[in-house]
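Written below as C-alpha cells is the structure these notes are about.
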Amino acid sequence: MTISRAEFPPGFLFGAATAAYQIEGSGFGGAGPCHWDTFAATPGNVVRAEDGARACDHYHRWPEDLDLMKSAGFDAYRFSTSWARVMPDGVKINPQGLDFYDRLVDSMLERGLKPFQTLYHWDMPSALADQGGWANRDTCHRFADFAEAITETLGSRVASIATINEPWCVAWLSHFMGIHAPGMRDIRATARVMHHILLAHGLAVERLRGMRQPNLGIVLNFDHAAPATDAPADHTAASLWDGIFNRWFIEGITRQTYPENVLAGLRPHMPQGWRDDMPTIGQPLDWLGVNYYTRHLHSHAAGTPWPHLRDVPGPLPKTQMGWEIYPDGLQTFLTRMARDYVGDLPIYVTENGMANADQLEDGTVTDRIREDYLFAHLRATKAAIEDGANVKGFFYWSLLDNYEWAEGYAKRFGLVHVDFETLKRTPKSSYHALRRAIARND
Ligand code: IFM
C-alpha cells in the first residue's frame, strides 16, 4: 500500500541520503588517504578487500545524481563532506576538495534541493588515525577546526549541518566489535571513543554557534532492543544493549549523563576528567536525526565477560543484510525521542532503508520488497507524528547502491541501481514508487 505527500504535515521534507566515502571515489580530486582505505587493504576486513577508491564515481557523475533526485521530486538531499577530501592530512585545506563541495551545493540549490550536510560520516584522515584517531582527545579539536573551515565556505548555503553520523558505529562497532575501521577490539579505546565522539560533536557545535551558523544537529542510530525470552537475565541483557546503543549518546547530549548500566562496564576505562566535558557535550541542539533499520533480540551470555550478552536470530523476514524488518521500531523511537528526550525539537528520519539482492533484467529493476519496506516505515513515521512527535522529514538510505563498508559492493541499498563495472545508473521500481507518492497530494 502506497502513501501520499498529503498524509504528512505541510512542509514535511522527502529526500535521500548518501555519504562521501560510499559514493564519491576517494581516489579523485586530491583527497588524502583515510582509515577506510587502509582497513580495506588489510585482508579479512572487507568482503573481497573492496575499497571506496572509485565507488560510484559520484565525484565526476554528480550532475546526473542530482538530476535523479530532482526527477524523483525530492525536497532535500542529505550528503556528507569528506574530511580527508577537504583536509588530506587532517589539517591543511585542499582547495580542489572545497571547490567540489562548493559546486555541489550550488547545483543542489539550482535544482531546488535543500542541502542537509553531515560533517563526519567516517572518513577519518589517515594522518590523524596515525595519531590514535578518536581515541586521542586532540582529534576532537582537529574536528572542530575542520567544521569551521568547511562552514566558512558552505555555511551560508546549507539548510542544516549534522556534526557526526552514528556515533555508536564510530565507537562501539569500530573499537569494541572491530567490524568497521579502525577495526579495534579494545575496551579502553572504546570507552574513550564513546566519550570523545560526543566531545567532538560538542566542540564543533560550540565553534559553529560562534560563527552564528543555524540548524545544528547530530545523527544517531537506534536499534530496537528486545529480550530473546521472558527470563529476567534476558531482560537485563536487552536493557544493557539499549543503554549501549540507544541511550548513551542521546542522554549524554540531552541530560549530560551516561546510563549507569553501561558505565558499570566502561567506567574504569573512561578518560580522566570526562565529567568536565559534559556541559560542552550537552549544548542545546536545533534538531535530532534518527537513523533506524532493525531490531535485535538479546540474551544473557553466561560465563562471558562484560557486557555478558549475545544476540539471537529473530523470526521476522530479513533484508539482504540479515536484518529483521520491524517498522514498529521506528514509530517507537520517534515517539520515545520526543517524549523522553527532545520534546518539541524537530526530528528528521535521516536514514531508513534496506539492502536487497536486486537484479537488473531487461534494463529494469523490480524491487517490490523495498517499496513495501519503505512505505511501511513511512507509515510508522506518520503514526509517530500522530502520536505527537515533531517529525519534519524522511531521508531514504540510499539514493544509490554504494560501498556498504565491510560488506563491500555486494549489499544494495539504493533506490537507483548502479552497475559497478559500467557505473550506469538505473532507477528501480522503488524509486518510481516513491516519486509517485511524493507527487500525490490527495
Ligand atoms: O551504509 C550505512 C550508512 O553509512 C550508515 N547507516 C547505515 C547504512 C547501512 O548500513
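Residue numbering for the sequence shown follows this note's numbering, beginning at 2 and increasing consecutively.
Glycine included, C-beta positions come from ideal geometry on N, C-alpha and C.
Under the three-state reduction of DSSP output, residue 180 falls in the coil class, being neither helix nor strand. The DSSP-derived three-state label of residue 257 is coil.
In this structure, the beta-carbon distance from residue 124 to residue 86 falls below 9 Å.
Partner residues in the beta bridge of residue 293, as assigned by DSSP, are 223.
Here residue 53 is buried. Its C-beta has 16 or more other C-beta atoms within 10 Å. Note that the C-beta distance between residue 253 and residue 199 is below 9 Å. By the beta-carbon neighbour count (other beta carbons within 10 angstroms, threshold 16), residue 333 is buried. Selection 203, 58, 94, 176 evaluated against residue 150 yields 94 as nearest (Cα-Cα). Contact between the stretch 245-261 and the stretch 356-369 is absent: fewer than three C-beta pairs spanning the two stretches fall below 8 Å.
Between residue 239 and residue 41, the gap from beta carbon to beta carbon reaches 9 Å or more.
The stretch 52-70 makes contact with the stretch 418-434, as at least three CB pairs between them are under 8 Å. Residue environment for residue 317: exposed (fewer than 16 other C-beta atoms within 10 angstroms of its C-beta). Excluding sequence positions up to five before and after residue 439, its CB lies within less than 6 Å of the CB of 6, 15, 74, all in the same chain and listed in chain order.
Excluding its 5 nearest sequence neighbours in each direction, residue 305 has C-beta neighbours in its own chain below 8 Å: 311, listed in chain order. Relative to the Cα of residue 369, the nearest Cα in the group 416, 122, 269 belongs to 416.
In terms of CA proximity to residue 372, 397 leads the group 361, 191, 397.
Nearest to residue 250 by alpha-carbon distance, out of 132, 173, 207, is 173. Distance check between residue 81 and each of 330, 159, 12 places 159 closest, using alpha-carbon atoms only. Relative to the non-hydrogen atoms of the ligand IFM, the Cβ of residue 169 never comes closer than 8 Å to any of them. Bridge pairing for residue 166: 220 [DSSP]. For residue 299, the secondary structure class from DSSP, reduced to helix, strand or coil, is strand.
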